[in-house]
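Using the working numbering, you'd call the opening residue of the sequence shown number 44 and step up by one each time. We put the CB at the ideal spot given by N, CA and C, even for glycine.
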Amino acid sequence: MLGYAAVPAQKNHRPRIGVPWRTAVEEMQRSRGAYERYLRTVRAAGGEPVEISLSLTPAALKRMAESLDGVILPGSPADVEPRRFGSLGHPQSAHPDKRREHTDDGLLHHALARGKPVLAICYGAQLLNVHLHGTLVQDIPSELPNPMDHDGGARRTESLHRIRIQSGQLAKLAGGSSARVNSSHHQSVCKPGRGLRVAARAPDGVIEALEWTGGPGWAFGVQWHPERMPDDPFAAALFRKLVREAQGVAGEPKARPRRARRHPRRSKSSR
């Protein structure tokens, strides 16, 4: 029979921040530069990035989640499976990535239950919302009236715009109620999921950030790409905050299996 023993945290420990990604070699080669931005930004903020395969079994994914101190859900060229939020899809929707969704769902389930910090970016923010039973705008240009350019239009380049930030943790990190962010997405949050509140909007009303208020721990979903803005103070502050929150988790005693002590069987006369 196995029990668990507390293991004191090591001093000066760099918290382990999990970052899931695609596993196909050709996809990794094509998108490696974009992925490396997440890893570099985590290291710059004081964390230790941990690359997570999308091919893990449920048991292996659970063990991986337990070993992490925090999680980043990065962007993706995929779109979340629309049937998960009651839709039949949209002609402009990209194909879903079932392996990525399975991995993100497993990491989120563990992190939110254990109060581990999460920073969900672009696609990751949309997945966070759907994971908590929210819904999505599947194509901003065709579904919303008079929207801004959120995906770079035909140029498919990043656009820059300002966001209006609600009072709270995000405003403290931004140093005010407004900030300039980049943008390269065609979907967005429609109805926030359970335990999520809107933390920021674009001038056209599109939801740009979500804050987790449904339990312990720090978790945010942002629709922009802070990893692409390494010199921006607000972007850097987001990653530093993630790492600080993860350091609190890393400082807690870890659990490792041990054999439980056997007690001598009592005689009938002693019962």
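* To do: Quickly, what does DSSP pair H204 with across the bridge? List them, please.
  => Position 161 of the sequence shown, counting from 1, holds the residue named residue 204. The bridge partners DSSP lists for H204 are V224.
* **Euclidean distance between Cα positions of D182 and Y81** => To locate residue 182, count along the sequence shown from 1; it is residue 139. To locate residue 81, count along the sequence shown from 1; it is residue 38. In a straight line, the C-alpha of D182 is about 26 angstroms away from that of Y81.
* Assigned secondary structure, A154 (DSSP; H/G/I helix, E/B strand, else coil) -> Position 111 of the sequence shown, counting from 1, holds the residue named residue 154. Reduced to three states, the DSSP call for A154 is helix.
* Pair every Cβ in the region 242-253 with every Cβ in the region 281-292, then say whether three or more of these pairs are closer than 8 angstroms. => no
* Could you tell me how far apart the beta carbons of H145 and E109 are, in whole angstroms, since I believe they sit closer than 8 angstroms? => Translated into positions along the sequence shown, residue 145 becomes position 102. Translated into positions along the sequence shown, residue 109 becomes position 66. Contact flag wrong, Cβ pair sits at about 17 angstroms.
* Through-space distance from G89 to S231, alpha-carbon basis -> Indexing the sequence shown from 1 puts residue 231 at position 188. Indexing the sequence shown from 1 puts residue 89 at position 46. Answer to the nearest angstrom: the Cα atoms are 30 angstroms apart.
* Asked: For H138, which residues of its own chain have a beta-carbon under 7 angstroms away from its beta-carbon, when the five flanking residues on both sides are left out?
  -> Within the sequence shown, numbered from 1, the residue matching residue 138 stands at position 95. Within the same chain, and ignoring the five residues on either side of H138 in sequence, the residues whose Cβ sits closer than 7 angstroms to its Cβ are A121.
* **Span of the beta strand (DSSP E), counted from its first residue to its last, around P63** => Residue 63 sits at position 20 when you count from the first residue of the sequence shown. Boundaries of the beta strand (DSSP E) around P63: 59-63.
* Asked: For I60 versus P117, is the C-beta distance shorter than 8 angstroms?
  -> For the purposes of this step, residue 60 is identified with residue 17 of the sequence shown, where counting begins at 1. For the purposes of this step, residue 117 is identified with residue 74 of the sequence shown, where counting begins at 1. No, the pair does not count as a contact, with Cβ atoms beyond the cut-off.
* Inter-residue Cα distance where the pair is N189 and H204 -> Stepping through the sequence shown from its first residue, residue 189 is reached at position 146. Stepping through the sequence shown from its first residue, residue 204 is reached at position 161. Rounded to whole angstroms, N189 to H204 spans 15 angstroms at the Cα level.
* Asked: Given L171, which residues of its chain have a CB within under 6 angstroms of its CB, disregarding the five upstream and five downstream residues?
  -> Here residue 171 refers to the residue found at position 128 when the sequence shown is read from its first residue. Taken in chain order, the residues that qualify are A163, G264.
* To do: To the nearest angstrom, report how far apart A262 and S185 are at their CA atoms.
  => Taking the first residue of the sequence shown as 1, we reach residue 262 at position 219. Taking the first residue of the sequence shown as 1, we reach residue 185 at position 142. Whole-angstrom Cα-Cα distance: 30 angstroms.
* **Best match in L150, P125, P134 for proximity to E94 [C-alpha to C-alpha]** => Here residue 94 refers to the residue found at position 51 of the sequence shown. Comparing Cα positions, the closest option is L150.
* Asked: Along the chain, which unbroken stretches of the alpha helix (DSSP H) at least 4 residues long are found entirely within the region 96-183?
  -> 101-110, 141-157, 166-174
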